[in-house]
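Student: Residue numbers for the sequence shown follow the numbering used here, so the first one is 15 and each next one is one higher.
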Amino acid sequence: MSNKDSIGRTITVALILCIVCSVVVSTAAVLLRPMQIENKELDRKLNILAVADIQTDGSSASIDAAFSQIQTRLVDLSTGQFVDDVDPDIFDARKAVSEEGKSVELDPLDDTASIRRIPKLQKVYLIEQNGNLDKVIVPVSGYGLWSTMFGYIALEGDLNTIAGLTFYEHAETPGLGGEISNPKWKAKWVGKQIYDQVGSTPEIEVIKGEVTSTTPNAQFKVDGLSGATLTSNGVTNLMQFWFGDLGFAPMLSELKKQEA
Ligand SMILES: Cc1cc2nc3c(=O)[nH]c(=O)nc-3n(C[C@H](O)[C@H](O)[C@H](O)COP(=O)(O)O)c2cc1C
């Protein structure tokens, strides 16, 4: 056996290769991290703009320019009041949920969306036009069949009519529960009403089957996803939770008072 094929030499070459590869991978991970954070932030803005039906050309400059017309506010969910002593740009609701002092554990009887904890503060987005509230966009989350579904709901300035809905993260089955991301299904939400009267229990629900001209109270109902009743029920549950008293109902009542 030549010296080149010795076991010691093979191990040395393998070790050097391992070290070189791990240095390359960790350097790439560190260098790409700021880019990943920036892309995630752009994606968040793009989802919010899309749900509010504000168009961009997809470039970061156009997304930032369009987003500048949106005010980001933090709301104390229990009082419905806006909070100004925390910077909304550095607040992360998903992080807050894992911190005892920044979140609340839900009583299982109240936890209709199966999320266990909610943050005390939540980020919301306001769009004004000529000094009047034009749209409010709120984040929502709730369990479907396989996963927690995260999305945004845009409300018109009447604080009751749905202007848009989107789910940006979930792991429901493509073609079944995954149809919550289908633009055709999302379009069915536009114009639907959440409450009979703001401050009351949310009426909005995803039904089994289709909403037709003869469906009673059709303004509160959206077509179910066929073969995906469990995901559909999850969407109903999250809407009812987030527009209920533990979610955004106190904030919507406060905004309604200010608008009156
Ligand atoms: C592999 C597989 C994946 C499924 N994924 C979903 C899903 O993502 N969401 C859902 O509600 N149901 C899903 N289902 C179906 C549910 O088990 C259940 O049958 C369905 O929600 C009932 O809805 P239906 O009454 O509209 O048929 C899946 C079933 C199978 C076998």
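Ideal placement from N, C-alpha and C gives every residue a C-beta, glycine not left out.
(1) Take A201 as the anchor and find which of D103, D67 and I25 has the nearest alpha-carbon.
(2) On the criterion of 16 or more Cβ atoms from any shown chain inside 10 Å, does A28 qualify as buried, or is it exposed?
(3) What is the rounded straight-line gap between the Cα of F81 and the Cα of E55?
(4) Kindly identify the DSSP beta-bridge partner or partners of M163.
(5) Within the continuous beta strand (DSSP E) that includes D90, where are the two ends?
(6) Taking all protein chains shown into account, do 16 or more other C-beta atoms lie within 10 angstroms of the C-beta of V153, making it buried, or fewer, making it exposed?
(7) Alpha carbon to alpha carbon, what distance is there between G261 and I282?
(8) Name the two residues that bound the continuous beta strand (DSSP E) containing Q136.
(9) Cβ atoms of Y209 and E217: under 8 angstroms apart, would you say?
(10) So who's on the other strand from K235, going by DSSP bridges?
(11) Rounded to a whole number of angstroms, what is the C-alpha to C-alpha distance between D71 and A64?
(12) Can you tell me whether G178 is buried or exposed, with buried defined as 16 or more other CB within 10 angstroms of its CB?
(13) Reducing DSSP to helix, strand and coil, say where D148 ends up.
(14) From Q207 to L269, what distance separates their C-alpha atoms?
(15) Helix or strand or just coil, what does DSSP make of T175?
(16) Can you find a heavy atom of ligand 1 that lies under 7 angstroms from the Cβ of W256?
(17) Name all residues in chain order for which at least one heavy atom of ligand 1 lies closer than 5 angstroms to the residue's CB.
(18) Since E119 is in the beta strand (DSSP E), which residue starts that stretch and which ends it?
(19) Check for me: the alpha helix (DSSP H) holding K54 runs from which residue to which?
(20) If you compare alpha carbons, which of L135, M163, N174 and V38 is closest to Q233?
(21) Do you know how far the Cα of Q50 is from the Cα of R23?
(22) Nearest-angstrom Cα distance between Q83 and S36?
Tutor: Concretely, from the data shown:
(1) D67
(2) exposed
(3) 11 angstroms
(4) G156
(5) I84 to D90
(6) Val is not the amino acid found at residue 153; the sequence shown has Pro there. The residue is buried, with at least 16 neighbouring Cβ atoms inside 10 Å.
(7) A question about residue 282 goes unanswered here, because the residues of the chain that appear run from 15 up to 274.
(8) L135 to Q143
(9) yes
(10) E219
(11) 12 angstroms
(12) buried
(13) strand
(14) 17 angstroms
(15) strand
(16) no
(17) L159, E186, T187, L190, G191, G241, A242, T243, L244 and T245
(18) S117 to E119
(19) I21 to V65
(20) N174
(21) 39 angstroms
(22) 44 angstroms
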